[in-house]
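Residue numbers (numbering that gives the first Met the number 0), protein chains in the order written: chain L, 0 to 497; chain X, 0 to 138.
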Amino acid sequence: MTAIAPHLPVLQVLVPMFAAVFTSFMRRGNSAWLMAVAASWLSLAISLALLAQVLQSAAPVSYVLGGWAVPFGIEYRVDRLNGFVLLIVNLVGSMIIPFAGTSVRKEIDGNQQAWFYTMYLLCLTGLLGISVSGDAFNVFVFLEVSSLSTYVLIAMGRHRRALLASYQYLIIGTIGASFYVIGIGLLYLATGSLNLADIASRIGPGMTEYSRPILAALAFLSVGICLKLALFPLHVWLPNAYAYAPSAAAAFLAGTATKVAVYLLIRIYFSIYGVAFGIDVLPVYMVVLLLSLAAMLIASFSAIFEANAKRMLAYSSVAQIGYITLGIALANVSGLTGGLVHMFNHAMIKTTLFMALGAVFYRIGSVQVADMAGIGRRMPVTMAAFTVAGLGLIGIPGTAGFISKWYLVIGAIERGYWPVVALVVASSLLAVIYVGRVVESAYFREPSKTVRDATDPPALMLVPIAVLAALSVYFGLDTRLSAGLARGAAEMLLGGMR
Amino acid sequence: MKSDVLLRIGVKLILPYMLVFAAYVQLHGDYGPGGGFQAGVIVAGMVIVYALVFGAKAARQIAPVALVERLAPAGVLIFAATGVPSLFAGKRYLDYSVFGHDALHAHEWGVFLVEAGVITTVAATLIAIFYALTDREHS
Chain L
0 MTAIAPHLPV
10 LQVLVPMFAA
20 VFTSFMRRGN
30 SAWLMAVAAS
40 WLSLAISLAL
50 LAQVLQSAAP
60 VSYVLGGWAV
70 PFGIEYRVDR
80 LNGFVLLIVN
90 LVGSMIIPFA
100 GTSVRKEIDG
110 NQQAWFYTMY
120 LLCLTGLLGI
130 SVSGDAFNVF
140 VFLEVSSLST
150 YVLIAMGRHR
160 RALLASYQYL
170 IIGTIGASFY
180 VIGIGLLYLA
190 TGSLNLADIA
200 SRIGPGMTEY
210 SRPILAALAF
220 LSVGICLKLA
230 LFPLHVWLPN
240 AYAYAPSAAA
250 AFLAGTATKV
260 AVYLLIRIYF
270 SIYGVAFGID
280 VLPVYMVVLL
290 LSLAAMLIAS
300 FSAIFEANAK
310 RMLAYSSVAQ
320 IGYITLGIAL
330 ANVSGLTGGL
340 VHMFNHAMIK
350 TTLFMALGAV
360 FYRIGSVQVA
370 DMAGIGRRMP
380 VTMAAFTVAG
390 LGLIGIPGTA
400 GFISKWYLVI
410 GAIERGYWPV
420 VALVVASSLL
430 AVIYVGRVVE
440 SAYFREPSKT
450 VRDATDPPAL
460 MLVPIAVLAA
470 LSVYFGLDTR
480 LSAGLARGAA
490 EMLLGGMR
Chain X
0 MKSDVLLRIG
10 VKLILPYMLV
20 FAAYVQLHGD
30 YGPGGGFQAG
40 VIVAGMVIVY
50 ALVFGAKAAR
60 QIAPVALVER
70 LAPAGVLIFA
80 ATGVPSLFAG
90 KRYLDYSVFG
100 HDALHAHEWG
110 VFLVEAGVIT
120 TVAATLIAIF
130 YALTDREHS
């Protein structure tokens, strides 16, 4: 164990990457699935060990690839923030993958099942790589790894429109990635470095002659990453992508992909610009604040009028991302804690909801709200989990969603933004309506013909759904882990700021 | 185009030189322009030129789809595995110093192995893309 301990940051990426290569040699879906299960759980264990290391030491855990010294070689650097993000991604991955076994067998053709797991593992590799890497260009490479595999995952959906959704995301995602590279290129021009920590130490008040490229870089990085994290109004790719992707892929992406992009935005705003340059030279926070509020309200309205439950959840994701970016825009300890803890809580909640819908699709072959009439009596455990997670989405006290909103509201009050407080509450009321529509249809309508023979799905699907739903309540009552880690990360991020 | 003698003979003549040139680009990449990516493109070019003249079916007999689909990840595996021996030696991942006694030699070996992975994946991927495009009329 002592021999492995210093290598954990690189193993976090290597384990899913090697597993992806091995599954690509396999032709049988089942063996690929077993490989993916082993890799996902091992990856979760690594992230837990890594988090323990980070919490023990005051300095970030650093790993230099190939033994090249820091500003020149690629550095993997884990601190309280990305240790937390790694945990979120792995927690979602390890819960999705048992569920995926049954779901994929139903939704994807036999000869493509092994490829599905290859793409899932590559996507996991990319997301973990973005989180763990401390090198701006290495982050871009992993961004592409995760994006390309995401396009394939979405295109594997059964509906023909999955191809269109994937293509739409391909175009927008490529623009986002290009903007990110342009931003990094400008920073490299000004500082001569690609190491994120090194860039932060090089851009400062002394660099006034380069201030214009550095500001342009901030603009490019903001827009590029906001395209990836689907901040309103750059979210148009997301509803179709989540709606037409295979159930397991949609659940995985909803829980992880946008969260990792948010992490990248936080890293750039607080660890680079916040520390060294003073982000307030541009009205970034005000722009993000207004867009977040717009996302919370407009996307929630769209969710209310959506007939397809999966699309409804996708619009709700856009709204929930608004809460997370609201925490960034508040930029005080309470607000940022709220944003960060909502990354964690929303990952639990939204993954549960998407998996529950995946189970519904597995049984009745549809996720239209009208088709789900009366399903609460036929699939009691699944719909109970859906309801519990839905309450979390609304933010009922005692659920995880309440904790995040509590911190966000406190953060807004500390800033004196009373209208923001009112809008957070208003957006929660909209969530009552769209979650309520599904719950009402599922419990208070006569079962339709399609629903009559439906039962709860096999245990491999049901257990992860139930476990995650239980976790979303547990983290609403015991916040030591989730909010504790988020607070530690927020204090670290804001502590370095001028 | 199968009936055109000049094309058939010409392609058969040019193929070995393409392979030699690919090897040159691959191995000389340390000193001049070139490397695994460019060499892989030339190798894929061989199969594509062959397919253009003798037909996609004949090309699939030389480079079967199943082989190509396995070679693409195999190259990634070669590249990724190059970093593993250093892990077992207690050094950092992708530290080439385990491949030889002095740093320069070790580094040359490390890069050689990595480039072997690159040529495999690039060639196989380009051929796979070509096959996917030529396959469209059948499906």
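Ideal Cβ positions, reconstructed from N, Cα and C, are used throughout, including at glycine.
Under a three-way DSSP split, which group does residue i fall into?
i: residue 416 of chain L; result: coil
i: residue 29 of chain L; result: helix
i: residue 67 of chain L; result: coil
i: residue 445 of chain L; result: coil
i: residue 219 of chain L; result: helix
i: residue 497 of chain L; result: Because residue 497 of chain L sits at a pLDDT of 38, beneath the cut-off of 50, its placement in the model cannot be relied upon, and the point is left open.
i: residue 450 of chain L; result: coil
i: residue 235 of chain L; result: coil
i: residue 184 of chain L; result: helix
i: residue 245 of chain L; result: coil
i: residue 90 of chain X; result: coil
i: residue 81 of chain L; result: helix
i: residue 295 of chain L; result: helix
i: residue 104 of chain X; result: helix
i: residue 6 of chain L; result: helix
i: residue 2 of chain X; result: coil
i: residue 398 of chain L; result: coil
Report the partner residues of residue i according to the DSSP bridge assignment.
i: residue 307 of chain L; result: L:367
i: residue 76 of chain L; result: L:61
i: residue 194 of chain L; result: L:134
What distance in whole Å lies between the Cβ atoms of residue j and residue i, which are believed to be in contact at a cut-off of 8 Å?
i: residue 8 of chain X; j: residue 21 of chain X; result: Contact flag wrong, Cβ pair sits at about 21 Å.
i: residue 49 of chain L; j: residue 7 of chain L; result: 5 Å
i: residue 434 of chain L; j: residue 389 of chain L; result: 4 Å
i: residue 501 of chain L; j: residue 331 of chain L; result: In the structure as shown, chain L starts at 0 and stops at 497, and residue 501 of chain L therefore has no counterpart that could be examined.
i: residue 126 of chain X; j: residue 46 of chain X; result: 5 Å
i: residue 75 of chain X; j: residue 109 of chain X; result: The Cβ separation is near 16 Å, so there is no contact.
i: residue 117 of chain L; j: residue 22 of chain L; result: 5 Å
i: residue 67 of chain X; j: residue 123 of chain X; result: 5 Å
i: residue 70 of chain L; j: residue 194 of chain L; result: 5 Å
i: residue 142 of chain L; j: residue 119 of chain L; result: At roughly 17 Å, the Cβ-Cβ gap does not stay under 8 Å, so residue 142 of chain L and residue 119 of chain L are not in contact.
i: residue 185 of chain L; j: residue 164 of chain L; result: With a Cβ gap of about 32 Å, residue 185 of chain L and residue 164 of chain L do not count as contacting.
i: residue 93 of chain L; j: residue 39 of chain L; result: 5 Å
i: residue 307 of chain L; j: residue 481 of chain L; result: So it is not a contact: roughly 31 Å between Cβ atoms.
i: residue 72 of chain X; j: residue 24 of chain L; result: 6 Å
i: residue 368 of chain L; j: residue 437 of chain L; result: 6 Å
i: residue 556 of chain L; j: residue 325 of chain L; result: Here chain L has residues from 0 to 497 only, and residue 556 of chain L is not among them.
In chain L, which residues lie less than 7 Å from residue i when you measure between Cβ atoms?
i: residue 72 of chain X; result: 20, 23 and 24
i: residue 76 of chain X; result: 20
i: residue 69 of chain X; result: 24
Since residue i meets chain X, which of its residues come closer than 7 Å, beta carbon to beta carbon?
i: residue 17 of chain L; result: 79
i: residue 64 of chain L; result: 91, 92 and 93
What does residue i touch in chain X if you count any residue whose Cβ is under 9 Å from its own?
i: residue 9 of chain L; result: 82, 86, 91, 92 and 93
i: residue 6 of chain L; result: 86, 91 and 92
Between residue i and the ligand NAD, is the CB less than 7 Å from at least one heavy atom?
i: residue 106 of chain X; result: Summarising the ligand content, the structure contains no ligands, and the ligand NAD is consequently not present.
Can you find at least 3 beta carbon pairs, one from the stretch 104-119 of chain L and one from the stretch 26-33 of chain L, that sit closer than 8 Å? yes
Are there three or more Cβ pairs, one per stretch, closer than 8 Å when the stretch 391-401 of chain L is compared with the stretch 470-482 of chain L? yes
Is it the case that the stretch 75-90 of chain L contacts the stretch 42-57 of chain L, given that we only count it when at least three CB pairs across the two stretches are under 8 Å? yes
Looking at C-beta atoms only, is the number of pairs between the stretch 420-431 of chain L and the stretch 351-368 of chain L that lie closer than 8 Å three or more? no
So, do the stretch 314-322 of chain L and the stretch 277-296 of chain L have three or more beta carbon pairs nearer to each other than 8 Å? Using a C-beta cut-off of 8 Å, the stretch 314-322 of chain L makes contact with the stretch 277-296 of chain L, since at least three inter-stretch Cβ pairs fall below that distance.
Would you be able to state if there are at least three C-beta pairs under 8 Å between the stretch 255-268 of chain L and the stretch 334-350 of chain L? yes
Is the number of C-beta pairs between the stretch 133-148 of chain L and the stretch 61-76 of chain L that are closer than 8 Å three or more? yes
Decide yes or no for the touch test of the stretch 142-159 of chain L against the stretch 236-247 of chain L: beta carbon pairs closer than 8 Å, at least 3 of them. yes
Between the stretch 96-111 of chain L and the stretch 447-466 of chain L, do at least 3 Cβ pairs fall closer than 8 Å? yes
I'd like to know if the stretch 361-372 of chain L and the stretch 440-450 of chain L are in contact, where contact means that at least 3 CB-CB pairs between them fall below 8 Å. Contact holds: three or more Cβ-Cβ distances are below 8 Å.
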